[in-house]
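K.L.:
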Amino acid sequence: MFPRDGSASEFNKAADLRGEATASNNSGFVYKIIGDYDKALENYDNALSIYRKLKDRQYEAVLLSNIAKLYFDKKDYLEAIEFYEEALNVLPDKDRLYRSELLYGLAMAFSKGNDHNRAITALEESRDLKNALGDDRGLAKVEKAIVLHNSVMQG
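Per my numbering, numbering of the sequence shown is gapless, rising by one per residue and ending at 161.
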């Protein structure tokens with residue numbers, strides 16, 4: 007049976023909040039796909055606030071990344087950069103694979119914002135992580151992007 011100290015009740019509240027956050031995140035994704043960015047952002051913000059309340063840094067980083075992707079799709083690269091950087095700051099250090107993906111997204115936002123030096127720096131950091139993790143497919147994607155950015159910078 008459950009303990010009488012209220013921990014089961016707290017567990018159920020947290021589970022309910024997680025369910026609400028998941029539903030909001032999923033709704034945000036659907037709204038983003040259909041181009042209703044305001045509704046998408048509203049849903050992402052709701053999910054983000056729940057994960058912050060739960061002190062779940064992993065999912066907080068995921069939501070910040072989703073918001074960054076939304077701004078990227080809107081061609082608001084400065085906002086995308088801010089949210090990618092915030093996601094990288096809150097992401098637990100142990101999640102190196104997701105960190106490498108966030109760095110790749112950040113690099114693409116830098117690139118679209120014509121900051122190719124910072125794009126290369128983020129790509130190189132992503133490459134190093136993917137190499138260390140043995141992520142060959144991801145490594146190939148990042149190395150291709152590095153070659154393309156170097157060619158753009160050389161003229």
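Glycine is no exception: its CB is placed at the ideal position from the N, C-alpha and C atoms. Because the structure is a prediction, the values reported are computed rather than measured.
1. Does DSSP put residue 101 in a helix, in a strand, or in coil?
2. Secondary structure at residue 152, three-state DSSP: helix, strand or coil?
3. Going by C-alpha to C-alpha distance, which of 37, 99, 91, 71 sits closest to residue 125?
4. Taking 8 Å as the threshold, find out whether the stretch 76-95 comes into contact with the stretch 54-64 through three or more Cβ pairs.
5. Are residue 57 and residue 66 touching if we call contact CB-CB under 8 Å?
6. To the nearest angstrom, how far is the alpha carbon of residue 105 from that of residue 73?
7. With distances taken between CB atoms, is the gap from residue 118 to residue 79 smaller than 8 Å?
8. In or out: residue 159 buried (at least 16 other Cβ within 10 Å) or exposed?
9. Who are the near neighbours of residue 100 in its chain, counting only those whose CB is closer than 7 Å to its CB and skipping five residues on each side?
10. Measure how close the beta-carbons of residue 102 and residue 139 come, nearest whole angstrom, since I'm counting them as under 8 Å.
11. Of the choices 42, 44, 50, whose alpha-carbon is the least far from that of residue 29?
12. Between which two residues does the alpha helix (DSSP H) carrying residue 51 extend?
13. Name the residue from 70, 148, 54 whose alpha carbon lies nearest to the alpha carbon of residue 113.
14. Pick helix, strand or coil for residue 40, following the three-state DSSP scheme.
15. Rounded to whole angstroms, what is the Cα-Cα separation between residue 111 and residue 35?
P.N.:
In short, the structure shows the following:
1. Within the sequence shown, residue 101 is the residue found at index 95, counting from 1. Correct three-state label for residue 101: coil.
2. Numbered from its first residue, the sequence shown carries residue 152 at position 146. Reduced to three states, the DSSP call for residue 152 is helix.
3. Working through the sequence shown from its first residue, we reach residue 125 at position 119. Ranking 37, 99, 91, 71 by Cα distance to residue 125 puts 91 first.
4. no
5. Taking the first residue of the sequence shown as position 1, residue 57 is located at position 51. Taking the first residue of the sequence shown as position 1, residue 66 is located at position 60. Contact: yes.
6. Numbered from its first residue, the sequence shown carries residue 105 at position 99. Numbered from its first residue, the sequence shown carries residue 73 at position 67. The alpha-carbon atoms of residue 105 and residue 73 are separated by roughly 16 Å.
7. The residue given as residue 118 occupies position 112 in the sequence shown. The residue given as residue 79 occupies position 73 in the sequence shown. The answer is no: Cβ separation not under 8 Å.
8. For this step, residue 159 is matched to residue 153 along the sequence shown. With fewer than 16 other Cβ atoms within 10 Å, it is exposed.
9. Stepping through the sequence shown from its first residue, residue 100 is reached at position 94. Correct list: empty, nothing qualifies.
10. Position 96 of the sequence shown, counted from the start, is the residue given in the question as residue 102. Position 133 of the sequence shown, counted from the start, is the residue given in the question as residue 139. Sure, about 6 Å apart at Cβ, within 8 Å.
11. Residue 29 sits at position 23 when you count from the first residue of the sequence shown. By alpha-carbon distance to residue 29, the top candidate from 42, 44, 50 is 50.
12. In the sequence shown, the residue the question calls residue 51 occupies position 45. It spans 43-59 - the alpha helix (DSSP H) in which residue 51 sits, taken as one unbroken run.
13. Locating residue 113 in the sequence shown gives position 107, where the first residue counts as 1. With distances taken between Cα atoms, residue 113 lies closest to 148.
14. Within the sequence shown, the letter at position 34 stands for residue 40. In this structure, residue 40 counts as coil in the three-state DSSP scheme.
15. The residue given as residue 111 occupies position 105 in the sequence shown. The residue given as residue 35 occupies position 29 in the sequence shown. For residue 111 and residue 35, the distance between alpha carbons rounds to 17 Å.
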